[in-house]
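Chains as they are written, first to last, in my numbering: chain A, 21 to 343; chain B, 21 to 343. Don't be surprised by glycine CBs; every beta carbon is placed ideally from N, CA and C.
Protein chains: 2
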Amino acid sequence: MKDLPEMHIPTYDDVLAAHERIAPHIHRTPVLTSSFLNELTGAQLFFKCENFQKAGAFKVRGASNAVFGLSDADAARGVATHSSGNHALSLSYAAGRRGIPCHVVMPRTAPEAKKAAVRGYGGIITECEPSTSSREAVFAEVQARTGAEFVHPYNDPRVIAGQGTCSREFMEQTGGVDIMVAPIGGGGMISGTCLTLSHIAPEVQIIAAEPEQADDAFRSFKAGHIIADDAPETVADGLKVPLKELTWHFVKTHVTDILTASEEEIIDAMKLTWARMKIVMEPSCAVPLATILKNRERFAGKRVGVIITGGNVDLDKLPWFKG
Amino acid sequence: MKDLPEMHIPTYDDVLAAHERIAPHIHRTPVLTSSFLNELTGAQLFFKCENFQKAGAFKVRGASNAVFGLSDADAARGVATHSSGNHALSLSYAAGRRGIPCHVVMPRTAPEAKKAAVRGYGGIITECEPSTSSREAVFAEVQARTGAEFVHPYNDPRVIAGQGTCSREFMEQTGGVDIMVAPIGGGGMISGTCLTLSHIAPEVQIIAAEPEQADDAFRSFKAGHIIADDAPETVADGLKVPLKELTWHFVKTHVTDILTASEEEIIDAMKLTWARMKIVMEPSCAVPLATILKNRERFAGKRVGVIITGGNVDLDKLPWFKG
């Protein structure tokens with residue numbers, strides 16, 4: 021872990037620059053409301069629907085900021101990452117928009133559907149064995165061969181500044197809220213949220229929502245230092261990764277609280293949202309609503325923002341279908 | 021079947037009056053686009069998302085127009101219908117908004133989930149046996165006992181004028197299209213579309229989309245008279261009902277063509293829309309896209325409106341899950 025002084029901590033000016041840079045490449049996603057869910061929770065909920073975002077997730081904000089912030093010389097060598105999730109799709113999408121290569125290192129055992137999705141956005145996949153050592157070795161080889169710029173899924177100031185554009189739009193669209201709730205995995209979205217709201221609306225409480233079965237951020241928050249779990253299992257598969265030094269900086273400085281929900285509560289909230297709001301969203305996006313439903317008294321009577329982070333779901337494997 | 025002279029054929033003035041009457045009770049639903057589906061079809065598609073409508077379907081437009089158009093004396097006796105689908109939900113919702121009873125006659129064999137949904141919107145269910153004779157007898161008894169006003173799901177000028185408000189909004193939101201495609205079952209939505217577009221944009225082609233396995237409207241259109249099938253089977257369960265004299269009037273007068281799609285094509289288009297547009301919609305809503313995909317040359321290069329009619333899906337029974 022690097023020492024703090026080495027870190028470049030992005031500022032709100034970086035968010036503003038990011039927003040101008042990425043605006044032509046992303047959607048200004050809608051904010052939806054639901055009278056049914058308002059009645060159920062007693063709160064006034066505002067859902068920022070990044071499931072409707074380009075490449076299907078908020079991660080295209082940070083990825084686009086990284087890609088379009090490169091000099092022409094750096095950009096020509098392309099970008100690279102290791103991810104089999106939304107960051108890989110988003111970086112591939114952004115690189116495609118700039119017309120540069122995007123190298124993605126993925127385990128050969130990753131589902132074919134995920135590989136096809138990355139290729140569908142123009143990503144170039146190099147397969148590794150399903151181990152950390154193989155991934156690191158293969159990634160180093162790809163980077164050495166191509167000179168591509170590494171873009172980390174979340175522990176990168178360019179990425180965090182990009183994610184910060186989401187809350188900026190949200191505040192313009194809603195005129196403000198009392199509490200903002202977003203899921204926490206590696207902490208990229210929550211860090212961007214902290215970065216923006218601490219500058220433009222410091223009175224807003226920021227609550228991170230996490231699966232009980234991958235509650236490393238919750239335990240880090242209580243302990244005062246990063247705790248990383250080895251391969252936690254949760255249906256909210258976007259939230260399995262640990263905090264890193266940059267995201268930990270924002271979490272410990274600006275997050276009001278971290279609330280957790282069980283697997284069953286997450287699946288129930290996911291299905292309820294699909295059924296009543298008629299939107300397709302990932303299990304990870306249901307963690308905020310699950311925590312709001314189980315901590316009703318804390319949210320009732322408040323204006324509450326909820327970030328729906330993505331919509332890239334395997335429709336053949338929905339978690340409420342057993343077996 | 022009544023003779024034509026007896027029918028009250030609604031006019032565009034009725035649509036305007038309906039729109040003013042129902043505006044406080046419905047959503048002005050968004051129009052969404054998808055770069056992926058535009059590329060796939062070669063057309064520029066505009067999806068009017070009535071799956072986000074109150075009570076989850078466009079039918080709340082017609083139902084609200086009927087309910088809020090009643091005199092206070094008539095309204096006090098309530099409204100009644102026989103339906104186990106979106107019309108029952110919509111009429112219950114509208115009656116609830118006016119604070120009057122809504123009586124719904126449903127077969128006792130209807131799924132508990134559908135009964136619960138109607139009750140959730142305040143509808144009062146009277147059960148009948150699952151036969152036409154029982155339904156008619158029970159409905160007559162309910163009407164005699166309550167004096168409630170019968171609101172037919174589609175063969176009613178108030179309902180058709182209400183559905184006509186959807187295309188009016190759509191044209192304002194998009195600035196116009198070359199072709200408008202909507203699914204056809206009983207013909208309420210397509211009749212409302214014909215009523216509005218023939219008045220404000222008569223140059224727009226109106227295409228009705230129908231399941232091959234319930235193609236009674238297609239065959240009626242070719243034959244020049246109503247053909248009604250007995251209990252057709254299709255995954256697009258909102259489209260099983262036959263045309264009636266009032267909807268047939270609009271279909272034969274204003275519809276440009278009727279296109280059909282197979283069950284597999286409908287399910288594929290449904291899953292594709294969920295996967296790429298991240299919206300939950302009923303199988304019936306996928307019939308337009310299915311027909312556009314299989315008649316690509318007819319739509320390519322055109323601005324095409326598609327009405328997504330509703331989002332009330334049983335999430336435990338998705339048609340791409342076998343068994």
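Practice problem: Identify whether A:Ile227 lies in helix, strand or coil by the three-state DSSP scheme. | Solution: Here A:Ile227 carries a strand assignment [DSSP, helix/strand/coil].
Quiz item: Comparing alpha-carbon positions, which option in A:Thr273, A:Ile312 and A:Gly330 lies nearest A:Leu65?
Solution: Ranked by Cα distance from A:Leu65, the options A:Thr273, A:Ile312 and A:Gly330 are led by A:Ile312.
Quiz item: Is any beta-carbon of chain B found at less than 9 angstroms from that of A:Pro50?
Solution: True, the Cβ-Cβ gap to chain B drops below 9 angstroms.
Quiz item: Of all the residues that make up the region 294-309 of chain B, which are near chain A by a beta-carbon distance shorter than 9 angstroms?
Solution: Across the region 294-309 of chain B, CB contacts with chain A closer than 9 angstroms involve Trp294, Ala295, Arg296, Met297, Lys298, Ile299, Val300 and Met301, in sequence order along the chain.
Practice problem: Just tell me which of B:Gly321, B:Thr293, B:Gly82 and B:Arg81 has its CA closest to the CA of B:Leu309. | Solution: Nearest option by C-alpha distance: B:Thr293.
Exercise. Any chance you could list the beta strand (DSSP E) runs of at least 3 consecutive residues sitting entirely within the region 29-84 of chain B, in chain order?
Key: 64-69, all fully within the region 29-84 of chain B.
Practice problem: Name the two residues that bound the continuous beta strand (DSSP E) containing B:His123. | Solution: Note, B:His123: beta strand (DSSP E), Cys122 to Pro127.
Self-check item: Residue-chain proximity (B:Lys22, chain A), Cβ-Cβ < 9 angstroms
Solution: Caution is warranted here: a pLDDT of 42 is assigned to B:Lys22, below 50, making its placement in the model unreliable, and no coordinate value can be reported.
Quiz item: Quick one: which chain A residues come within Cβ less than 7 angstroms of B:Asn71?
Solution: Those are Lys298, listed as they occur along chain A.
Quiz item: Is it a yes or a no for the region 167-181 of chain B touching the region 29-37 of chain B, going by three-plus beta-carbon pairs under 8 angstroms?
Solution: The region 167-181 of chain B, when compared against the region 29-37 of chain B, does touch it at the 8 angstroms Cβ threshold.
Quiz item: Hey, is A:Phe67's beta-carbon within less than 9 angstroms of any beta-carbon in chain B?
Solution: Chain B contact via Cβ: absent.
Quiz item: Under three-state DSSP, which class holds A:Leu24?
Solution: Its pLDDT being 46, under 50, A:Leu24 is placed unreliably in this model, and the value from its coordinates should be taken loosely. Helix at A:Leu24.
Quiz item: Would you report the Cα separation of B:Gly82 and A:Glu284, rounded to the nearest angstrom?
Solution: In this structure, the CA atom of B:Gly82 is about 39 angstroms from the CA atom of A:Glu284.
Practice problem: Name, please, each residue of chain B whose Cβ falls closer than 8 angstroms to the Cβ of A:Leu335. | Solution: Residues of chain B whose Cβ lies closer than 8 angstroms to the Cβ of A:Leu335 are, in chain order, Lys291, Trp294, Ala295, Leu338 and Trp340.
Self-check item: Below-9 angstroms beta-carbon distance, B:Gly207 vs any chain A residue
Solution: For B:Gly207, no CB of chain A lies under 9 angstroms from its own CB, so it is not counted at the interface with that chain.
Quiz item: Taking 9 angstroms as the CB-CB limit, is A:Ser112 close to chain B?
Solution: A:Ser112 does not count as touching chain B.
Quiz item: Can you find a C-beta in chain A that's less than 9 angstroms from the C-beta of B:Gly331?
Solution: So, interface residue.
Quiz prompt | Cβ contact check for the region 114-128 of chain A and the region 198-212 of chain A: 3 or more pairs under 8 angstroms | solution = In short, these stretches do not touch, since the Cβ pair count stays below three.
Exercise. Could you tell me which uninterrupted alpha helix (DSSP H) segments, each at least 4 residues in length, are contained entirely in the region 87-143 of chain A, listed from first to last along the chain?
Key: Correct list: 92-96, 106-118 and 132-140.
Practice problem: With DSSP as the reference, label B:Glu189 as helix, strand or coil. | Solution: Of the three classes helix, strand and coil, the one that applies to B:Glu189 here is helix, per DSSP.
Quiz item: Whose C-alpha, out of A:Thr31, A:Ala96, A:Pro231 and A:Ser153, is nearest the C-alpha of A:Cys305?
Solution: Selected option, being the one with the closest Cα: A:Pro231.
Quiz item: To the nearest angstrom, how far is it from the Cα of B:Ala157 to the Cα of B:Gly98?
Solution: B:Ala157 and B:Gly98 have their C-alpha atoms roughly 19 angstroms apart.
Quiz prompt | Member of A:Gly76, A:Ala130, A:Glu169 and A:Glu149 whose CA lies at the smallest distance from the CA of A:Ala93 | solution = Closest option to A:Ala93, Cα to Cα, is A:Glu169.
Quiz item: Using the beta-carbon count (16 or more within 10 Å), is B:Ser84 buried or exposed?
Solution: Buried, since its Cβ has 16 or more Cβ neighbours within 10 Å.
Practice problem: Compile a chain-ordered list of the residues in the region 102-128 of chain A whose CB is closer than 9 angstroms to at least one CB of chain B. | Solution: Of all residues in the region 102-128 of chain A, none has a C-beta nearer than 9 angstroms to a C-beta of chain B.
Practice problem: Round the Cβ separation of B:Ile350 and B:Asp257 to the nearest angstrom and send it over; I've been treating them as touching at under 8 angstroms. | Solution: Nothing can be reported for residue 350 of chain B: it is not among the residues displayed for chain B, which extend from 21 to 343.
Quiz item: Alpha carbon to alpha carbon, how far is B:Glu40 from B:Ala77?
Solution: Spanning the two alpha carbons is a distance of roughly 19 angstroms.
Self-check item: Whether B:Pro203 touches B:Thr53 by CB criterion (9 angstroms)
Solution: Contact: no.
Exercise. Note down the Cα distance separating B:Phe319 from B:Asn58, rounded to an integer number of angstroms.
Key: C-alpha of B:Phe319 to C-alpha of B:Asn58: approximately 11 angstroms in a straight line.
Self-check item: Cβ neighbour criterion (16 or more within 10 Å) applied to A:Gly62
Solution: Counting of Cβ neighbours within 10 angstroms places A:Gly62 among the exposed residues, the total staying below 16.
Self-check item: Short Cβ contact (9 angstroms threshold) for A:Glu70 with A:Ile327
Solution: The answer is yes: Cβ separation under 9 angstroms.
Quiz item: Does the beta carbon of A:Ala37 come closer than 9 angstroms to any beta carbon on chain B?
Solution: By this cut-off, A:Ala37 is not an interface position.
Quiz item: Closest to A:Asn106 by CA distance: which of A:Gly205, A:Asp249 and A:Phe238 is it?
Solution: A:Asn106 has its Cα closest to that of A:Gly205, out of A:Gly205, A:Asp249 and A:Phe238.
Quiz item: Would DSSP call A:Val171 helix, strand or coil?
Solution: Per DSSP, reduced to three states, the secondary structure at A:Val171 is coil, with no helix or strand assignment.
Self-check item: Enclosing alpha helix (DSSP H) for A:Ile287 [first to last residue]
Solution: Glu283 to Met297 is the extent of the alpha helix (DSSP H) around A:Ile287.
Quiz prompt | Exposed unless 16 or more other CB atoms sit within 10 angstroms - verdict on A:Ser103 | solution = Buried is the call here.
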